[in-house]
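These notes are about the structure you will find just below.
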Ligand code: ATP
Ligand code: LTN
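Residue numbers (the numbering used here): 121 to 456.
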């Protein structure tokens, strides 16, 4: 998948209410793994969340909860940098520079914009320029790799295009061109809805049985998996085209238990025991995460982690911002 060594990793998640099993298996699991292989920055992208208007008190709470979820999932704040996007002003500043380095037509082609604009009550300008802010996030850290789910591929391609464009324009490696780190579908890159297995598992799903949240109590998880849509027949076989429901559950079981898809296929004959085991494997992964999340609710603990994270992030991002400002011809500020 990647051609250059993994040196610097950046990824972000929006502080919306509830992190899904799809977010976890597609992206966050890899954050935990990568923290020991490279310098990692994991951001709570609150500015991105504002592209769809949010209740202010809820946004603040969700921002803290998203950071807690990172730590509860196993990201060690002593190893990786965890911070809030709006705490590092370089993100908003760099975002403007990315807006003037990307094209209207390019942004118009973003499928996530089209999908979200079709559903949103109001379409803010920020929803449209969202990918420019995402490019800013990534490029500010000289990121080499970006772990995300499959749905972010197009945004990453745009980020790469902007970086290459600026490098060509200035005839040097002004910006590091980042690579996607996206698991294949059979390894969690696109976890599907339990109710409509041809669509990705999503927070905005109207059928709440389709989405498992990391904080769902064990009995809710068991119920959702028991009711998950399967396919005709009784064969447990990985075939996303013809058996999308069963294939999705197999991927979930494989990632939560460590069993390979072949082992799963050989082990089960019929859906009954299979579904029970999927549920227990998910519960076993989420229970300890939920316990750690509760422990992190003590006042001040996560705030302290975020305070340190913002310092660390800012120290790296500001010089890169200055480098781009300088290349584009902005006059450096002199202090009196
Ligand atoms: P939603 O569509 O549920 O609102 P999102 O993509 O807007 O999700 P984010 O919190 O911003 O939500 O996404 C965080 C990460 O989770 C991203 O890297 C995204 O690619 C990944 N992700 C989201 N849904 C899935 C899924 N169903 N399978 C795998 N990865 C996913
Ligand atoms: N658009 C992403 C969230 C995001 C992100 C980033 C991911 C914002 N900035 C930088 C990786 C790198 C999403 O998942 N919806």
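Beta carbons: idealized from backbone N, C-alpha and C, even for Gly.
- Between residue 140 and residue 332, the C-beta spacing is below 8 angstroms.
- Collapsing the DSSP output to three states places residue 300 in a strand.
- Membership of residue 186 in the alpha helix (DSSP H) is indicated by the continuous run 176 to 192.
- With fewer than 16 other Cβ atoms from the protein chains shown falling within 10 Å of its own Cβ, residue 380 counts as exposed.
- In the three-state DSSP reduction, residue 388 falls in the coil class, being neither helix nor strand.
- In terms of Cα proximity to residue 154, the closest of 129, 164 and 403 is 129.
- Only exposed fits residue 417, as fewer than 16 other CB atoms lie within 10 angstroms of its CB.
- Of 219, 441, 261 and 231, the smallest CA-CA separation from residue 246 is found for 219.
- Here the distance from the Cβ of residue 335 to the nearest heavy atom of the ligand ATP is not below 7 angstroms.
- Excluding the 5 residues flanking it on each side, residue 214 has same chain C-beta neighbours closer than 6 angstroms at 256, 260 and 441, in chain order.
- If you look at residue 211, you'll find it in the alpha helix (DSSP H) that goes 210 to 219.
- Straight-line measurement puts the Cα of residue 404 at about 27 angstroms from the Cα of residue 326.
- Separation of residue 138 and residue 407 (C-alpha to C-alpha, rounded to the nearest whole angstrom) is 15 angstroms.
- Sequence-distant Cβ neighbours of residue 167 in its own chain, meaning closer than 7 angstroms and more than five residues away, are 205, 206, 211, 212 and 253.
- Excluding its 5 nearest sequence neighbours in each direction, residue 444 has C-beta neighbours in its own chain below 6 angstroms: 217, listed in chain order.
- For residue 287, the distance from the CB to the nearest heavy atom of the ligand ATP is not below 7 angstroms.
- Taken in chain order, the stretch 365 to 434 contains no complete beta strand (DSSP E) segment of 3 residues or longer.
- Per DSSP, residue 279 lies in no beta strand (DSSP E); the unbroken alpha helix (DSSP H) holding it starts and ends at 273 to 290.
- Taking 7 angstroms as the cut-off, one finds no heavy atom of the ligand ATP near enough to the beta carbon of residue 149.
- Within the same chain, and ignoring the five residues on either side of residue 199 in sequence, the residues whose Cβ sits closer than 8 angstroms to its Cβ are 155, 156 and 160.
- If you draw a straight line from the Cα of residue 152 to the Cα of residue 244, it comes to about 33 angstroms.
- Each residue's CA atom was taken as its position, placing residue 383 and residue 356 some 11 angstroms apart.
- For residue 131, the pairing in a beta bridge is given by DSSP as 162.
- When C-alpha distances from residue 358 are compared across 345, 189 and 388, the shortest belongs to 388.
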